[in-house]
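Visitor: Using my numbering, you'd call the opening residue of the sequence shown number 12 and step up by one each time.
Glycine included, C-beta positions come from ideal geometry on N, C-alpha and C.
In this text, all values refer to a predicted model and were calculated from it rather than measured experimentally.
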Amino acid sequence: MGREQRYIAAEGENALTMGYQAARKVLSDAGIASEDLDMIVFSSQTPEYTYPTNALLLHHMLRGKSRTITLDSNANCAGMVAAVEQASRYMQSNPHVRYALVVGSDLSSVNCNPEDEITLPNFGDAAAAVILERRAEGPGFIDSLYYTDSDDCENIMFPACGLSNIYNPEMTPEQIRISWKPFDGTCVVEPAAADIEEVMRRNGLTLDDIAAFCLSQFSLKNIELICEKLGADMDKFIYVGDEFGYTGTSSPFIALQRGIEHGSIKRGDYIFFWSVGAGWQLPTVLFQY
Numbered sequence: 012m013g014r015e016q017r018y019i020a021a022e023g024e025n026a027l028t029m030g031y032q033a034a035r036k037v038l039s040d041a042g043i044a045s046e047d048l049d050m051i052v053f054s055s056q057t058p059e060y061t062y063p064t065n066a067l068l069l070h071h072m073l074r075g076k077s078r079t080i081t082l083d084s085n086a087n088c089a090g091m092v093a094a095v096e097q098a099s100r101y102m103q104s105n106p107h108v109r110y111a112l113v114v115g116s117d118l119s120s121v122n123c124n125p126e127d128e129i130t131l132p133n134f135g136d137a138a139a140a141v142i143l144e145r146r147a148e149g150p151g152f153i154d155s156l157y158y159t160d161s162d163d164c165e166n167i168m169f170p171a172c173g174l175s176n177i178y179n180p181e182m183t184p185e186q187i188r189i190s191w192k193p194f195d196g197t198c199v200v201e202p203a204a205a206d207i208e209e210v211m212r213r214n215g216l217t218l219d220d221i222a223a224f225c226l227s228q229f230s231l232k233n234i235e236l237i238c239e240k241l242g243a244d245m246d247k248f249i250y251v252g253d254e255f256g257y258t259g260t261s262s263p264f265i266a267l268q269r270g271i272e273h274g275s276i277k278r279g280d281y282i283f284f285w286s287v288g289a290g291w292q293l294p295t296v297l298f299q300y
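1) Taking the beta carbon of Arg188 as the centre, do at least 16 other beta carbons fall within 10 Å, making it buried, or is it exposed?
2) Do the segment 126 to 136 and the segment 16 to 26 meet, that is, are 3 or more Cβ pairs less than 8 Å apart?
3) For Thr130, I'd like the list of residues in its chain whose CB is within less than 6 Å of its CB, leaving aside the five on either flank, ordered along the chain.
4) Classify Pro132 as helix, strand or coil using the three-state DSSP reduction.
5) Just to confirm, is the Cβ distance from Tyr300 to Ile282 under 8 Å?
6) How about Leu118 and Asn25: do their beta carbons lie closer than 8 Å?
7) Tell me where the beta strand (DSSP E) around Tyr60 begins and ends.
8) Going by C-alpha distance, which of Gly290, Ser286 and Arg213 is nearest Val92?
9) On the three-state DSSP scale, how would you describe Phe53?
10) Rounded to the nearest angstrom, what separates Ala203 and Phe284 at their Cα positions?
11) Which whole runs of the beta strand (DSSP E) in the segment 66 to 131 are 3 residues long or more, in chain order?
12) What do you reckon, are the CB atoms on Glu96 and Val296 nearer than 8 Å?
13) Quick one: residues in its chain with C-beta nearer than 8 Å to the C-beta of Arg278, no 5 flanking neighbours on either side, listed in chain order?
14) What residues match up with Tyr64 in a beta bridge as DSSP calls it?
15) Taking only three categories from DSSP, how would you classify Glu5?
16) Just to confirm before moving on: does the CB-CB distance between Ala266 and Ile249 stay below 8 Å?
17) Can at least three beta-carbon pairs, one atom from the segment 44 to 51 and one from the segment 64 to 81, be found at a separation below 8 Å?
18) Are the CB atoms of Thr260 and Cys88 within a distance shorter than 8 Å?
19) Would Val200 and Asn233 qualify as a contact pair, given that the criterion is a beta-carbon distance under 8 Å?
20) What did DSSP end up calling Ser261 once you bin it into helix, strand or coil?
21) As a quick exercise: from Ala147, Arg212 and Glu181, pick the residue whose alpha carbon is nearest that of Ser155.
22) When you compare each of Phe152, Gly290 and Gly242 to Phe298 by their alpha carbons, which one comes out closest?
23) Does DSSP classify Gly151 as helix, strand or coil?
24) Helix or strand or just coil, what does DSSP make of Pro294?
25) Given this structure, state the Cα-to-Cα distance separating Ser84 from Ala94, to the nearest angstrom.
26) Give the secondary structure of Leu236 by DSSP, where H, G and I count as helix, E and B as strand, and everything else as coil.
27) Can you give me the Cβ contacts of Pro125 inside the same chain, cut-off strictly under 7 Å, excluding the 5 residues immediately before and after it?
28) For Leu27 versus Tyr158, is the C-beta distance shorter than 8 Å?
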């Protein structure tokens with residue numbers, strides 16, 4: 012699946028603490044104070060708490076202002092792409108939100124079944140954060156498209172037994188951890204390519220206009236197949252899953268950071284974000300960086 016190594020959280024770390032560190036770094040890099048944030052969205056499929064929201068706890072840790080929208084978002088591995096898209100659309104309709112912080116953070120390694128040959132050697136732990144700024148004109152969010160196929164919605168489940176059963180003394184740890192049934196992961200390739208093509212078509216763009224594709228880092232093979240289906244240049248598809256492992260919700264944005272660091276993504280470039288969440292749900296989002 013394209014792994015050489017992966018990142019595992021240190022003892023005592025969790026999705027919230029990792030998200031906090033990512034948030035602090037992006038605020039520092041952007042030169043924005045936490046008091047400037049009008050919205051905080053925390054995307055995670057492994058939230059440290061179900062209440063209060065992790066976004067509210069992050070707001071407290073950052074010492075944000077009282078006039079801040081805080082909410083958690085969970086679209087599984089598609090979560091941060093969906094959260095950025097939803098926050099962008101909300102900001103377009105609300106003139107009072109200038110800055111939004113979107114954090115994606117998953118601590119998946121501790122929830123893997125030790126006997127599972129897919130999740131245990133592939134899943135890594137990481138967080139990413141971005142700041143969205145409302146502007147009257149200029150680069151930013153352009154368009155999005157969602158594809159949902161719920162026929163195989165029970166292939167991946169966590170907790171496997173359901174939350175209502177986690178305290179049942181008859182449940183074993185394996186019945187609580189991630190349940191992963193074998194499936195053909197290439198089923199997402201065709202709708203992914205079709206949605207990318209559709210978003211380009213309705214915005215008058217071609218493959219030559221797109222500088223980079225920041226896709227789910229779950230499978231290198233899937234990225235290669237999507238590239239082949241599109242007839243695109245593989246050099247435009249950023250892959251970091253060999254270094255970080257599969258980090259879930261944050262993975263397309265770790266790819267974004269790598270592209271910026273290496274100079275393959277520059278201001279004004281058109282970028283596609285795409286990911287896949289268990290079930291299946293596939294968000295495709297077009298930005299101008």
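Guide: In brief:
1) As a first step, residue 188 is located in the sequence shown; it is residue number 177 there, counting from the start. Sixteen is the threshold: when 16 or more other Cβ atoms of the shown chains lie within 10 Å of the Cβ of Arg188, as they do, the residue is buried.
2) Yes, the segment 126 to 136 touches the segment 16 to 26.
3) Numbered from 1 along the sequence shown, position 119 holds the residue referred to as residue 130. Only Cys123, Ile189 and Trp191 meet the Cβ criterion.
4) As a working mapping, residue 132 is identified with position 121 in the sequence shown. DSSP places Pro132 within a helical segment (H, G or I) once states are collapsed to three.
5) Against the sequence shown, residue 300 aligns to sequence position 289. Against the sequence shown, residue 282 aligns to sequence position 271. The Cβ atoms of Tyr300 and Ile282 lie closer than 8 Å to each other.
6) If you number the sequence shown from 1, residue 118 lands on position 107. If you number the sequence shown from 1, residue 25 lands on position 14. In contact: Leu118 and Asn25 (Cβ atoms closer than 8 Å).
7) The count along the sequence shown starts at 1 and reaches residue 60 at position 49. Counting along the chain, Tyr60 falls outside any beta strand (DSSP E), and DSSP gives it neither H nor E.
8) Stepping through the sequence shown from its first residue, residue 92 is reached at position 81. Looking at the Cα atoms, Ser286 is the closest of the given residues.
9) The count along the sequence shown starts at 1 and reaches residue 53 at position 42. For Phe53, the secondary structure class from DSSP, reduced to helix, strand or coil, is strand.
10) To locate residue 203, count along the sequence shown from 1; it is residue 192. To locate residue 284, count along the sequence shown from 1; it is residue 273. Roughly 11 Å separates the two Cα atoms.
11) Within the segment 66 to 131, the complete beta strand (DSSP E) runs of at least 3 residues are 80 to 84 and 110 to 118.
12) For the purposes of this step, residue 96 is identified with residue 85 of the sequence shown, where counting begins at 1. For the purposes of this step, residue 296 is identified with residue 285 of the sequence shown, where counting begins at 1. Yes, they are a contact pair.
13) Here residue 278 corresponds to residue number 267 of the sequence shown, with the count starting at 1. Cβ neighbours of Arg278 beyond the five flanking positions: Pro150 and Tyr300.
14) One-based indexing of the sequence shown puts residue 64 at position 53. With the sequence shown as reference, residue 64 is identified as Thr, and Tyr is not the correct amino acid for it. Beta-bridge analysis with DSSP links Thr64 to no other residue.
15) Outside the shown range of the chain, which is 12 to 300, sits residue 5, and nothing can be said about it.
16) Along the sequence shown, one-based indexing puts residue 266 at 255. Along the sequence shown, one-based indexing puts residue 249 at 238. Note that the C-beta distance between Ala266 and Ile249 is below 8 Å.
17) Short answer: they touch.
18) In the sequence shown, residue 88 corresponds to position 77, counting from 1. In the sequence shown, residue 260 corresponds to position 249, counting from 1. Yes, these two residues count as a Cβ contact at 8 Å.
19) The residue labelled residue 200 in the question sits at position 189 within the sequence shown. The residue labelled residue 233 in the question sits at position 222 within the sequence shown. Yes, the Cβ-Cβ distance between Val200 and Asn233 is below 8 Å.
20) Looking up residue 261 in the sequence shown gives position 250. When secondary structure is reduced to three states using DSSP, Ser261 falls in the helix class.
21) Counted from its first residue, the sequence shown places residue 155 at position 144. Minimum Cα-Cα distance from Ser155 among the listed residues Ala147, Arg212 and Glu181 corresponds to Arg212.
22) Residue mapping note: residue 298 aligns to position 287 of the sequence shown, counting from 1. Comparing Cα positions, the closest option is Phe152.
23) On the sequence shown, residue 151 is found 140 positions in, with the first residue counted as 1. Here Gly151 sits in strand by DSSP.
24) Taking the sequence shown and counting its residues from 1, the one referred to as residue 294 is at position 283. Correct three-state label for Pro294: strand.
25) For the purposes of this step, residue 84 is taken as the residue at position 73 of the sequence shown. For the purposes of this step, residue 94 is taken as the residue at position 83 of the sequence shown. C-alpha separation (whole angstroms): 7 Å.
26) Looking up residue 236 in the sequence shown gives position 225. Look at Leu236 here: in three-state DSSP terms it is helix.
27) To locate residue 125, count along the sequence shown from 1; it is residue 114. Contacts found: Leu131.
28) As a working note, residue 27 is residue 16 in the sequence shown. As a working note, residue 158 is residue 147 in the sequence shown. No; because the gap between Cβ atoms is not below 8 Å, this pair is not in contact.
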